[in-house]
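Colleague:
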Amino acid sequence: TLFATHYHELTALSESRAGVGNANVAVREHNDKIIFLRKIVEGSADRSYGIQVARLAGLPPEIIKRSKSILAHLEKTSARPEEEKNTNRPAKKSAKKKAPKKLPESQAPQLNLFN
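Using our numbering, the first residue of the sequence shown is number 29, and each one after it goes up by one.
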């Protein structure tokens, strides 16, 4: 038995491996919040609920707001044809990039969780 919450690539294994299946906890969304139905259903989750779970876990509103902004950007810029999403091909290697310079905290792309 293997349990994973955010490794969506694992769901493709059920298509290529005998004895592998997917299950998820049923949820309902209401006003940008999730309600766990306490029911295990067959199949993979329809999408990630990480931001809603982060809110339930008590992360600060600034973190939730920033997460939504990043997610919207990723969804807008990462769109690929459906047939490319579920392949087992390795990701293309990109040219080596220089390490980014450290930004002042006020300009950092990631908010600090512990202040």
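Idealized CB from N, CA, C, for every residue including glycine.
(1) Between which residues of its own chain and ILE68 is the CB-CB distance below 8 Å, once the five residues before and five after are set aside?
(2) Going by other Cβ atoms of all chains shown within 10 Å of its Cβ, with 16 needed for buried, is TYR35 buried or exposed?
(3) Beta strand (DSSP E) containing HIS36: first to last residue?
(4) Taking DSSP as the reference, what is the three-state secondary structure of ALA100?
(5) What's the gap between the Cα of LEU102 and the Cα of ARG94?
(6) Closest Cβ-Cβ distance between GLY47 and chain D: below 7 Å?
(7) Please report the straight-line C-alpha distance between SER72 and ALA40, rounded to a whole angstrom.
(8) On the premise that ALA82 lies in contact with ILE92, defined as a C-beta separation below 8 Å, what is that separation, rounded to the nearest angstrom?
Modeller: According to the data block:
(1) What you label residue 68 is simply residue 40 of the sequence shown in a count that begins at 1. Cβ neighbours of ILE68 beyond the five flanking positions: ALA51, ASN52, VAL53 and ALA54.
(2) Taking the sequence shown and counting its residues from 1, one reaches residue 35 at position 7. With fewer than 16 Cβ atoms within 10 Å of its Cβ, TYR35 is classed as exposed.
(3) The residue labelled residue 36 in the question sits at position 8 within the sequence shown. Segment: none, HIS36 is in no beta strand (DSSP E) and carries neither H nor E.
(4) The residue given as residue 100 occupies position 72 in the sequence shown. If DSSP states are grouped into helix, strand and coil, ALA100 belongs with the helices.
(5) Indexing the sequence shown from 1 puts residue 102 at position 74. Indexing the sequence shown from 1 puts residue 94 at position 66. If I take the Cα positions, the gap works out to 12 Å.
(6) Judged by its chain identifiers, the structure shown contains no chain D, having just a single protein chain.
(7) Taking the first residue of the sequence shown as position 1, residue 72 is located at position 44. Taking the first residue of the sequence shown as position 1, residue 40 is located at position 12. Their Cα atoms are separated by approximately 9 Å.
(8) Looking up residue 92 in the sequence shown gives position 64. Looking up residue 82 in the sequence shown gives position 54. Confirmed, about 6 Å.
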